[in-house]
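Undergrad:
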Amino acid sequence: MRLAFLFPLFASPAFAQDGPSFDCAKAESSAEEAICASPELAALDQRVADVYARALAAAEGLDAGAEDAVATLHSEQRGWIGGRDDCWKEDDLNACVETAYLMRESQLTARWMLAEPTGTTVWACDDGGEVVTTYYDTPLPSVRFEVGDSVDVGSMVRTGSGSRYDGSFGRYIWMKGDEATYRPPDPDGTETLCHAKS
């Protein structure tokens, strides 16, 4: 599997070109072929390539742990590209590819704080824990979870009421006003009720 834009150029006039960030003559997956055939997906690929380049620059600029952070980003990108290319299994290939890109954009933006946040909430939970959520106005709204020393990111999902963000390994927070249901990424998946601190 070829790793499209795993090592992209940093934001430059090259991103103004038509087409995606990779060479369509070398497209190998049905997802890449769909991107090359769709101006909308090609533009989205360019945008996410730019966000990834900015995240890579942020990782390289860390005072400590830069090498590990860059290696992790590369590894995550390989995994994400594999997931994107698995969209051939879905009934609507283009919709799946679009969702994959929007989620990747939101995750990178929130994890590496590549935009100004729209707000932050500190939640005091009934289990004695505290969750800090910071929100980003990405095309697919995103959140940065901070629980103790751990950091995770999540994307908004559709719900009948309130606002819910799903993170990694089953983590989510479902907010309704000043209350939220929080599920940590543990094997038990025990939910806890949390209240926004004033």
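Note that the numbering used here has the sequence shown beginning at 1015, numbered continuously upward. Using N, Cα and C, we set each Cβ at its ideal position, and we do this for glycine too. What you are looking at is a predicted structure, and each value in this text was computed from that prediction instead of being measured.
(1) With three or more beta-carbon pairs closer than 8 Å as the criterion, would you say the region 1061-1079 touches the region 1116-1136?
(2) Residue 1022 by DSSP, collapsed to three states: which one?
(3) Just to confirm, are residue 1041 and residue 1107 a CB contact at a threshold of 7 Å?
(4) For residue 1156, which of helix, strand or coil comes out of DSSP?
(5) Which value, in whole angstroms, describes the spacing of the CA atoms of residue 1081 and residue 1141?
(6) With DSSP as the reference, label residue 1029 as helix, strand or coil.
(7) In the DSSP assignment, the beta strand (DSSP E) including residue 1164 goes from what residue to what residue?
(8) Quickly, what does DSSP pair residue 1133 with across the bridge? List them, please.
(9) Can you check the region 1029-1094 for any beta strand (DSSP E) of at least 3 residues that lies completely inside it and give the ranges in chain order?
TA: Quick look at the numbers:
(1) yes
(2) The residue labelled residue 1022 in the question sits at position 8 within the sequence shown. For residue 1022, the predicted model reports a pLDDT of 35, less than 50, meaning its position is unreliable; a value from the coordinates is still stated below. It is coil, neither helix nor strand.
(3) Locating residue 1041 in the sequence shown gives position 27, counting from the first residue. Locating residue 1107 in the sequence shown gives position 93, counting from the first residue. It is not a contact, given that the beta carbons lie outside the stated cut-off.
(4) Counting from one through the sequence shown, the residue named residue 1156 turns up at place 142. Here residue 1156 sits in strand by DSSP.
(5) For the purposes of this step, residue 1081 is identified with residue 67 of the sequence shown, where counting begins at 1. For the purposes of this step, residue 1141 is identified with residue 127 of the sequence shown, where counting begins at 1. So the two alpha carbons sit approximately 36 Å from each other.
(6) To locate residue 1029, count along the sequence shown from 1; it is residue 15. Unreliable placement is indicated for residue 1029, whose pLDDT of 41 sits below 50; no coordinate value is reported for it.
(7) On the sequence shown, position 150 is the one that residue 1164 refers to. Segment 1164-1171, the beta strand (DSSP E) holding residue 1164.
(8) On the sequence shown, position 119 is the one that residue 1133 refers to. Note: residue 1133 sits in a beta bridge opposite 1149.
(9) none
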